[in-house]
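Below is one structure, written out as C-alpha cells; comments come after it.
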Amino acid sequence: MKRILCLLFLLGHLVTNAQKKTFDIVPLGVYGGGIEGNLSSYLISQKGANAYIALDAGTIMSGIQAAIAQKTFKVEEQEVLKNYIKAYFVSHGHLDHNSGLIINSPTDAKKPIYGLPFTIDIFKKHYFINDTWINFANVGEAPILNKYNYVIMDTLNTLEVPQTNLKIKAFELAHVKPYQSSAVLVASANSCVLYLSDTGADRIEQSKQLENLWKAVAPLIVEKKLKGILLECSFTNAQPEKLLFGHLTPKLFMEEMNKLASFAGIDAMEGLPLIVTHIKPEGDNPKTIAKELHAANNLKLKFIFPKQGKRIEL
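For what it's worth, our numbering labels the leading residue of the sequence shown as 207, then goes sequentially.
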C-alpha cells in the first residue's frame, strides 16, 4: 500500500509541475504585416515579475496601449515602456520586427538589445545612423547617445538577462536564402519557452536549421520542461511554395512539427502549446489558417492564436 501511495504522490507531483505556470507572455503585436499598429512583438517574463524581454519589437506602444485597455497592465504606458521592458531580443533586420523599438527610442530608458551578429550589424549600418534616425546605441556613428547597449550573441552560449531572472540562447534560422533570421530559447529555472521568428521550412529553404533546432529542444519536450513554442504561420495552404519568401503555411508548419515529433516522440507532443504567430491578416487568412492547422493536427497540439494585449500564461 505504501508503494502505491508513493507512486500516486510522485505522479501527482509530476503532473502538478507540468501544469504549473512559469511564464507571462503579453503579445504587443501579432501579425506579419499589413497593420502597422499590430506587428510582431511578444513580451515574456517570469510569471508575475513584470520584468520582460521583448521578443522582437515591430509594435511597442500600440501594443502597450492595447494591454492597458484590457487590464493586462494597470500602470501608465511609460512605466511599461521604460521599466517593465528590461531588454529587447531582435531576430533579424526586417522593419516589421524592429520598427516599434526604433520609433519609441527617444522616450525609452537605457537597456540592452540582444541579437546575433547579422541583426546587430543592420542596426549599426542602417537604423541607428543619422540618415535614417539617430544613433541611440553605444557604438557607431556620432553622435552616440548611448541609450541602448548592443549585446552580440552567438549560438553556443546562454546569456543571463539582467533584472529578469531569465536566460536566453539563440539559434539561426533560414529566411529566404541567403537572408538569416533567428530563434531564441528563454529559460527560467527548469522551464523554457521557444520563440521562432520568420522562418522557411527546411525543405523549401534547402536548409537544416530547423532540424538542428528541433534536435536541440526535443529533450526539453520529453522532460516536460518546454512550456510552449511560438511559431509563425504566415500564409494559407493556397500560397504557392515558390512565393512563400521564407515563411510557413499550415502544411509546412505541421511538416516541421512532425519532424520535431520524430525526435521527441509523438506521445510527448500531445497537448504542447503552440502559439501561432506572424499570420498575414489580409482577407480571411486568419480564419483559414486556423481551420487548416486544426484539420492537420495529427499530433494533438494545443494551438493558441494570440490577441494583441491579452496575456498568455505558460
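All C-beta atoms, glycine included, are put in the ideal place defined by N, C-alpha and C.
Which residues share a DSSP beta bridge with A272?
None, per the DSSP bridge assignment.
Any chance the stretch 259-269 sits against the stretch 349-360, with 3 or more Cβ pairs inside 8 angstroms?
no
Please report the distance separating the alpha-carbon of A293 from that of L372.
11 angstroms
Give me the DSSP bridge partner(s) of K317.
When beta bridges are read from the DSSP output, K317 appears opposite Y354.
Which residue or residues does DSSP assign as beta-bridge partners of T483?
DSSP lists E438 as partners of T483.
Using the Cα positions of Y258 and P233, report the straight-line distance between them to the nearest angstrom.
12 angstroms
Could you check whether I266 and G306 sit closer than 8 angstroms to each other, using their CB atoms as the reference points?
Yes, the pair counts as a contact, with Cβ atoms nearer than the cut-off.
Jot down the residue ranges of each uninterrupted beta strand (DSSP E) in the stretch 327-405, minimum 3 residues, whole runs only, in chain order.
354-358, 365-367, 372-380, 386-394 and 397-402
Alpha carbon to alpha carbon, how far is V281 from N344?
29 angstroms
Using DSSP with H/G/I as helix, E/B as strand and the rest coil, what is L450?
coil
Under three-state DSSP, which class holds P492?
Here P492 sits in helix by DSSP.
Going by alpha carbons, who is nearest to L400 out of R517, K493, I309 and L480?
In terms of Cα proximity to L400, the closest of R517, K493, I309 and L480 is L480.
Note down the Cα distance separating S247 from G471, rounded to an integer number of angstroms.
Looking at the two C-alpha atoms, the distance is approximately 31 angstroms.
Mapping the DSSP letters down to three states, classify F279 as helix, strand or coil.
coil
By the three-class DSSP mapping on this structure, what secondary structure does L211 have?
Model confidence at L211 stands at a pLDDT of 45, short of 50, so the residue's coordinates are unreliable and nothing is read from them.
Grouping DSSP H, G and I as helix and E and B as strand, with all else coil, what is S468?
helix
Roughly how many whole angstroms lie between the Cα atoms of K448 and S440?
14 angstroms
Under the rule that 16 or more other beta-carbon atoms within 10 Å means buried, what is N244, buried or exposed?
buried
Identify every residue that forms a DSSP beta bridge with S251.
D230
What do you get for T228, buried or exposed, if any count of 16 or more other CB atoms within 10 angstroms of its CB means buried?
Under this definition T228 is a buried residue.
Going by Cα to Cα distance, which pick from V392, T361, P368 and A393 is closest to E378?
The option with the nearest alpha carbon to E378 is T361.
Let me know the secondary structure DSSP gives F511 once reduced to three states.
Reduced to three states, the DSSP call for F511 is coil.
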